[in-house]
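Take 1350 as the starting number for the sequence shown in this note's numbering and just add one per residue.
Every residue, glycine too, gets a C-beta built ideally from N, C-alpha and C.
What you are looking at is a predicted structure, and each value in this text was computed from that prediction instead of being measured.
Take a look at the structure below.
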Amino acid sequence: MSTPTSSATPSAPLRGRVAVITGASSGIGEATAEKLASLGARVVVLARRADRLHDLVERITKDGGTAVAIAADVTDTAAVQAAADRVEAELGGADLLLNNAGVMLPAPVEEVATGQWQQQIDLNVTGLMNVIGAFTPQLVRAGSERGVADLINTSSIAAQNIFPHFAVYSATKAYVTHLSRHLRAELGAKNVRVAALEPGIVGTELQGHVTDQGALDWLAGAKQSMEWLTPQDIAETIAFLATLPPRVNLQQITVMPTGQPS
Ligand code: NDP
C-alpha cells in the first residue's frame, strides 16, 4: 500500500491528494480551495456560479496549483453523480471532500416561511447527502488503497447552541454534526476520517442572503461587538486537520471568533 504522503514534501504536504470542495464559489469553500491547492492538492471546485469558479481556477493555476471547476447544483442528484464520475475519470477519484455548500435563512417560526425552511433542508441536508452518496465510494477506495481519506462536513456552532429564530438552520446543522459522528464510526475502520466543522460567525456571503429584519439587526450588532472570523481562518483549520498523520481524526472542530460568547 502506498502512503498518501509518498509524493508529499514539507512545503507541499497534500501533494498527491485530490480535494473536492462544494460551495467553492465564495466564502469558506473558496478560501479552502486556495489553501489546499497551495499545499499541493489538486482541487475540484464545485458550486452553481460557473464564472466565479472559472476565476478561482485561474487564480489557483496562476499561483502554480491545479484546479478543475465543475458547475453543479448539489440538490440535483444526477448532476452531483455526473460530477463524481468526472472526478473519477479525470483525476482518479477524490480522497478529500469538503462538503460545505449551505444556506442560512433565519426567521421567527411563526412567520411560517415554508419556502425558506425547504430551501435550507434541500441544500443543507439533501444536498449534503447527495454529495456523500456520490463521493463516498471514492473516499473508501482511497482509504483502502492509500491509507487515508477525509470527509469534512461543514456544520456550525448553531448545531450546539441556541439562537432564537435560527431553529430550522440550526436543526439542519445538528443533522450534519450527528450524521458526521455516525459516519466516523462507520468509515474510520476503512481509513476514512470524518470531521464535523463547527464555525462561529465567519464574514462571508452567507449573511447576505438573510431577509429577516430581526436577524439582520442581530448580525449588525454582532459585527459591532466583535471581530468575525475570516474564511481564511477556517481554511487554515481545514488544512491543519488534513495534514495530520493518518491515525489522527479530529472528530468535531469548533472554531469561534474570540469575542463570540456562544
Ligand atoms: P457563502 O454563502 O459564501 O457560501 C455558500 C456556498 O454554497 C457558495 O459557494 C454557493 O455558491 C454554494 N451553494 C449554494 N447553493 C448551492 C447549490 N444549490 N449547489 C451548489 N452550491 C451551492 O457562505 P459560507 O462560506 O459562510 O458558507 C459555507 C458553509 O459554512 C455553509 O454550510 C454554512 O452554513 C457554513 N457556516 C458558515 C458560517 C458563517 O458565519 N459564515 C458559520 C457556520 C457555518 P453558488 O451560489 O455559486 O452555488
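Would Gln1487 be called buried (16 or more neighbouring beta carbons within 10 Å of its own) or exposed?
When all chains shown are included, Gln1487 counts as buried.
With H, G and I counted as helix, E and B as strand and the rest as coil, what does DSSP make of Asp1566?
Three-state result, Asp1566: helix.
Go through its chain and collect everything with a Cβ distance to Ile1587's Cβ below 8 Å, but skip five positions before and after it.
The residues are Thr1381, Lys1384, Leu1385, Leu1447, Ile1501, Leu1546.
Could you compute how far the alpha carbon of Leu1440 sits from the alpha carbon of Ala1498?
Taking the straight line from one Cα to the other gives about 15 Å.
Under the rule that 16 or more other beta-carbon atoms within 10 Å means buried, what is Gln1467, buried or exposed?
When all chains shown are included, Gln1467 counts as exposed.
What are the residues that DSSP puts in a beta bridge with Leu1445?
DSSP output for Leu1445 lists Ala1368, Asp1499 as bridge partner(s).
Using 10 angstroms around the beta-carbon of Arg1542, count the other beta-carbons present and answer buried if the total reaches 16, otherwise exposed.
The residue in question, Arg1542, is buried, as its Cβ has 16 or more Cβ neighbours within 10 Å.
From which residue to which residue does the beta strand (DSSP E) around Gln1581 run?
Looking at the DSSP string, Gln1581 is not in any beta strand (DSSP E); the run it does join, the alpha helix (DSSP H), is 1580-1591.
If you draw a straight line from the C-alpha of Glu1554 to the C-alpha of Gly1376, how long is it?
Rounded to the nearest angstrom, the two C-alpha atoms are 6 Å apart.
Just mark Ile1511 as buried or exposed, buried being the case when its beta carbon has 16 or more other beta carbons within 10 Å.
It is exposed - the Cβ of Ile1511 has fewer than 16 other Cβ atoms within 10 Å.
Can you round the beta-carbon distance between Leu1578 and Ile1550 to whole angstroms, since I take them to be within the 8 Å contact cut?
Contact flag correct, Cβ pair sits at about 7 Å.
With H, G and I counted as helix, E and B as strand and the rest as coil, what does DSSP make of Ser1351?
Low confidence applies to Ser1351: its pLDDT is 43, below 50, so where it sits in the model is not reliable enough to give any reading.
Going by the C-beta, is Ile1409 closer than 8 Å to any heavy atom of the ligand NDP?
Checking the Cβ of Ile1409 against the ligand NDP gives no.
One question on the structure: do Val1369 and Val1393 come within less than 9 Å of each other, judged by their Cβ atoms?
Yes, these two residues count as a Cβ contact at 9 Å.
Taking 8 Å as the cut-off, does the segment 1592-1602 touch the segment 1523-1531 (at least 3 CB pairs, one atom from each stretch)?
Result yes; three or more Cβ-Cβ pairs closer than 8 Å.
Given a cut-off of 9 Å, decide if Gly1537 and Pro1457 are closer than it, judged by their beta-carbon atoms.
Not a contact, by the Cβ cut-off of 9 Å.
Looking at the ligand NDP, does it come within less than 8 Å of Leu1528, judged from the CB to the closest heavy atom?
False, no ligand heavy atom lies under 8 Å from that Cβ.
Tell me which residues share the same chain as Asn1449 and place their Cβ nearer than 7 Å to its Cβ, disregarding the 5 neighbours each side in the sequence.
Taken in chain order, the residues that qualify are Ile1370, Thr1371, Gly1372, Ile1377, Gly1378, Thr1503.
When DSSP builds the beta bridges, which residues end up paired with Val1480?
Bridge partners of Val1480: none, in fact.
Who are Gln1601's beta bridge partners in DSSP?
Its beta-bridge partners are Ala1545.
Does the beta carbon of Thr1503 fall short of 8 Å from some heavy atom of the ligand NDP?
Yes.
So, for Arg1366: in the same chain, excluding its five sequence neighbours on each side, which residues have a beta-carbon less than 6 Å away from its beta-carbon?
Closer than 6 Å at the Cβ level, and outside the excluded window around Arg1366, lie Ala1390, Asp1444, Leu1445.
Do the segment 1565-1572 and the segment 1516-1527 make contact, defined as three or more Cβ pairs closer than 8 Å?
In short, these stretches do not touch, since the Cβ pair count stays below three.
Would Ala1428 and Leu1388 be called neighbours here (beta carbons separated by less than 9 Å)?
No.
Just tell me which of Asp1400, Gln1469, Ala1433 has its CA closest to the CA of Val1559.
Per the Cα distances, Gln1469.
Assuming Met1575 and Ile1506 are in contact, meaning their beta carbons sit under 8 Å apart, how far apart are those beta carbons, in whole angstroms?
Incorrect: roughly 13 Å between the Cβ atoms, too far for contact.
In chain order, what are the residue ranges of uninterrupted beta strand (DSSP E) at least 3 long that sit wholly in the segment 1390-1440?
Complete beta strand (DSSP E) runs here, min 3: 1391-1396, 1415-1420.
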